[in-house]
Each structure stands twice: as C-alpha cells, then as structure tokens.
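Chains as they are written, first to last, in our numbering: chain A, 8 to 195; chain B, 1234 to 1501.
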Amino acid sequence: MASDHRNATDTELVNQTRKGITSAYGELYDRYFKQLYRYIYFRVQNQEEAEDLTEIVFLKTLESIRYRRAAIDNFQGWLFRTAHNLVIDHYRTERSQVSIENIAELRDSQKLPEKQVQHQFDSVELAKAIATLSPEFQQVIVCRFISGMSHAETSKIMGVNQGYLRVLQFRALKQLRNVLKREFDYHD
Amino acid sequence: MIDIFATRLAECLEALQPGELNVQDCIQKYPQDSEELGKLLELAILLEKTPVQPPDELFEKNARARILNSSFELQSSGGQNWLKSWLMGIGLFLSGRPVLRLGLIAVLLVLVLSSGVVFASAKAMPGDFLYPVKIFIEDSRLMISGEEKETNLQIDLATERIKEVDRLIEVERYETISDVVDRYVIQIDKLSESITSSSADDIAGIDEKSEAVSDKLMKNIEVLEGLLEKVPEQAQPAIEKAIEASSKNQDKLKELFPDGKPGGGPKD
C-alpha cells in the first residue's frame, strides 16, 4: 500500500503527512523503524522497552509534524534526536534499569569472555564499554556501527560536517579500543 | 596528520560496508598506516556484528497500525495548535460530564453550521484544507446522534468514504486512496463490532441492524468491484483491501444468525 511513496524523499513524505496523507507517514515508519529500534535497543538493552520507546518516538514525531509550523528539512536527524532525548528521559525515570549513568559504575566487575572477543561482542558488555565514552563519541559509535548509518546520515543527525565527523569517528574508535583493552581484556 | 588518517579510515569503512574492499585490501592501499588502520577496521567490523534482539514482528505491525490510527485522530482534531489546546482544555473541564459535553458539541455544531464552512467542507476530499473540518463534523454528528440513528449514520459515513474513493479516481489522486480505505475499514470494523456486541436481549433490533448493514456492505462491494476495474495497478491493493474488509464484516454479521441470513430467516 505504501508502494506509491517509495520514490518520495523524506521531506516530501513529511509534507504529505502534514496534509493528512497518513500512508506517507507509514512509509517513513517502514523506512526507519528497524534502524531506530536498533539505536534504542542498544541504549536500553531490553526488547520490550526498546519497542515501546520506538513507538513513542514515532508518535511524538507525528504529532510534531502536524502541529509544528516550521519546515522539517532533516526528518531522520529529527527522529533520532527525539529518540536520544527520550532515552535520556527514560534513564532519569527508570533508575532501576541499566543506564548510561550507572552502566559505567557496573563495568568493573564485568569482563568479556575471550571467545566472544574473538568472534562477536556481547551487546550488554559492549554497551557498558561505550557508556564510558563521551556523549559525542557514543553517538558516533552507535549511529555508525550499531544502527548502520552512513557518514552523511550520521553527520546530519549530529549536526556536524563530514570532515569533523571523520575525525570524531577515528577518535571514538581509538578510545573505545583502549577502554576494551584496559577494562574488558580485549585483544587486537 | 590526524585528518589524513581519519579520512583514510573513513574511506576504508565506506568501501568495507558494500564489500568493495576487505581489511587486507585497505591495509595494502595505505601501507604506512597498516598497523593502526587494521586494528580499527577489525574493531569496526566486530561492532557491526554485535547482535541485537530483534523487535517482535507482530509488535512492529501493530505499532504501525496504532500510529497511523492516531494520525487519523490528530487529523480529525483539525491540526491547529490553538484549536487543539482550546478543545483539550474544554474537554478536560467537561470530563465526566457527558450531558455538558454533548451540549457543548451541539452549540459548536450550530456555530460551525451557521458559518458556511460546513457547506464548503462537505465536498472536501482527503488532502484538502477543509477535509479535517468534514471529519470533525462527522465525528460530532456521531457523538450527538441517538442510539437508534447511530447505525444508519455510521454506515452512511462509511459509504461516503467509498464515494470519496470514486472521486479521487476521477481526478487521478491515487496516492490518497489508501488513506481513505484505511478510514473506511476502521469505520466498518467499529460498526460491525457495535452490532455484534449489542445486548442479546434486543434480538429484533440486532436483526434489523445487521440486515441493513449487510445490504449496504453488499452494495459497497459491488461499487468497489466496479472501481477495481477502473483503477491503475498501483491503486488496486487499496480497493482490494476495502472489498476484503467489507466481505469479512458481512460474514461476521451473518454469523449472528444460525441460518446465515440476517433478517431472522427466509423472507419470500
């Protein structure tokens, strides 16, 4: 049903949604649901919470499209910024859950098993390592390597140019490698 | 220096993702940075492979339906900030006071009806500026209609959606048809739900309603089948969905009666 919108740009779909064409928003949902879910899941480490928060982000964004007068030129960036803010709020209210704040405190007792280091990271352990990085580095790592966004998409979301993003990416990866080696027995 | 290395790393990562190059190719391309480059690329590959518990497929589908449904509700409320806030304020004030709420809607309706906007909105189509007004008027009419008239009004409003589809086809606005069909499906689902969940004490009433609705649904199916032949391929799935939903609800109504014919039995 959404096939009519497949060739439309995000901005065109946002404008159509604003005019009341609901299926246009359905296309935006189909475009970004999985990427957004992956981004949120990695932050909250719980399937049900990630599902609920993903739905809330889409609802909030839809409401904003309808009631906001200003143009929305970068829907994807806006969607992920909404998600970022929502996850932060979620951490503030759900203290019992694993969060960016308390995740770092837990890392001391955690070690990555050798076999997982060799072949695959465990997402909880990796989240703990990433949580020790600065917010900017966390954002680069999660957007680029967890949600699978391109350099262009990530730079739009973070509001930085691609040249600066490349430097951030390099520094974030280097620092993450140091944390993994120091705290989690990671070997190159 | 950092800039140069960061650019090389980014180039390699971009080439790795579509499989144009592998780590070894990148290292050979930039031998002066091979050690550092190799380590960071291997780490990036491990990060990308990190498993994430996938979302439940049913949740993904249901959440989509809920979000699009809420879009209809937002659309019905007009899409104007000030109007929304104003109505929400009044709604909160009157919550739990149905008599006052109905009275207020009646007053609003009189005001809107006398303003001429309603006449202009009656022919509005989805995507038109006045279409939300049309939906608001329809919803308000449903809220103030008595129980006896509600079923007829519901089926009339659902039939109006079919007319809208017809008009959209005439003006070749195919991209909007699926929205209208979605609203039609919600309306007839609610309609048959209200009949099938009616009190069992009122057998005659249920019988009469289900017969009337079933007849209308049959007519809608006939119209939709005609439209299906007229529309281009891109709009066919939406029309098929409307036909399927109409048939499904017709079957649901038939199940209310053991002999399978609404109306309580043969009427020769």
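For glycine and all other residues, C-beta sits at the position ideal for the given N, C-alpha and C.
- Runs of alpha helix (DSSP H) with 4 or more residues, each lying fully within the region 1267-1299 of chain B, are found at 1267-1282, listed in chain order.
- With contacts defined by Cβ atoms closer than 9 Å, LEU93 of chain A and ILE63 of chain A form a contacting pair.
- Interface criterion not met: the Cβ of ILE164 of chain A is under 9 Å from no Cβ in chain B.
- Taking a contact to require three or more Cβ pairs closer than 8 Å, the region 1268-1282 of chain B and the region 28-48 of chain A do not qualify as touching.
- Annotation for ALA1468 of chain B: TYR1407, ILE1410 place their beta carbon closer than 6 Å to its own, counting only its chain and skipping 5 residues before and after.
- ARG13 of chain A sits in coil when the DSSP states are folded into three classes, being neither helix nor strand.
- Between ALA90 of chain A and GLU143 of chain A, the gap from beta carbon to beta carbon reaches 9 Å or more.
- By the Cβ neighbour-count rule, ALA1239 of chain B is buried, with 16 or more other Cβ atoms within 10 Å of its own.
- Counting along the chain, the unbroken alpha helix (DSSP H) around LEU172 of chain A starts and ends at 169-191.
- By the Cβ-count criterion, GLU1462 of chain B is exposed, with fewer than 16 other Cβ atoms from all chains shown falling within 10 Å of its own Cβ.
- Pairing GLN52 of chain A with ALA134 of chain A gives a Cβ-Cβ distance under 9 Å.
- Contact between the region 146-153 of chain A and the region 1269-1283 of chain B is present, with at least three C-beta pairs closer than 8 Å.
- Close to chain A, meaning a Cβ-Cβ distance shorter than 8 Å, is no residue of the region 1366-1389 of chain B at all.
- Within chain B, the C-beta atoms nearer than 9 Å to that of GLY155 of chain A come from GLN1250, GLU1281, in chain order.
- Note on the region 1422-1492 of chain B: whole alpha helix (DSSP H) runs with a minimum of 4 residues are 1436-1463, 1469-1487, in chain order.
- The C-beta of HIS194 of chain A has fewer than 16 other C-beta atoms within 10 Å across all chains shown, which makes the residue exposed.
- DSSP places ALA138 of chain A in the coil class of the three-state scheme, outside both helix and strand.
- A residue is called buried when at least 16 other Cβ atoms come within 10 angstroms of its Cβ; ALA136 of chain A meets this threshold and is buried.
- For GLN145 of chain A, the secondary structure class from DSSP, reduced to helix, strand or coil, is helix.
- When Cβ pairs closer than 8 Å are counted between the two stretches, the region 1443-1451 of chain B is seen to touch the region 1479-1486 of chain B, the count reaching three or more.
- Contacts with chain A (Cβ-Cβ distance below 7 Å) from the region 1448-1463 of chain B involve no residue at all.
- Apart from the 5 residues on each side of it in sequence, LEU1246 of chain B sits with its Cβ closer than 8 Å to the Cβ of LEU1274, ALA1277 in its chain, given in chain order.
- GLN1387 of chain B is not a Cβ neighbour of GLN54 of chain A, given a cutoff of 9 Å.
- Rounded to the nearest whole angstrom, the CA to CA distance from GLU1244 of chain B to LYS1272 of chain B is 15 Å.
- Shown here for ALA57 of chain A: same chain residues with a beta carbon closer than 7 Å to its own, the five before and five after excluded, namely TYR44, ILE47, TYR48, VAL51 in chain order.
- Less than 9 Å separates the beta-carbon of ILE1472 of chain B from that of VAL1398 of chain B.
- In the three-state reduction of the DSSP assignment, HIS194 of chain A falls in the coil class, being assigned neither a helical nor a strand state.
- Selection A:LYS41, A:ALA78, A:ASN81 evaluated against ASP1289 of chain B yields A:LYS41 as nearest (Cα-Cα).
- Secondary structure of ALA1391 of chain B (DSSP, three-state): helix.
- In the pairwise beta carbon analysis, the region 14-23 of chain A is classified as not touching the region 1246-1265 of chain B: fewer than three pairs are separated by under 8 Å.
- Counting along the chain, ASP129 of chain A sits inside no alpha helix (DSSP H), nor does DSSP assign it H or E at all.
- Of the candidates A:ALA15, A:GLY27, A:SER162, A:GLY27 places its Cα closest to the Cα of LEU1363 of chain B.
- Within the same chain, TYR1407 come within 7 Å of PRO1465 of chain B by CB-CB distance, once the 5 residues on both sides are set aside.
- With respect to chain B, the C-beta atom of GLU143 of chain A has no partner C-beta closer than 9 Å.
- What HIS158 of chain A touches in chain B, judged by beta-carbon distance under 9 Å, is ALA1243, LEU1246, GLU1247, going in chain order.
- Close partners of ASP1422 of chain B in chain A (Cβ separation under 9 Å) are lacking, with about 16 Å as the shortest Cβ gap.
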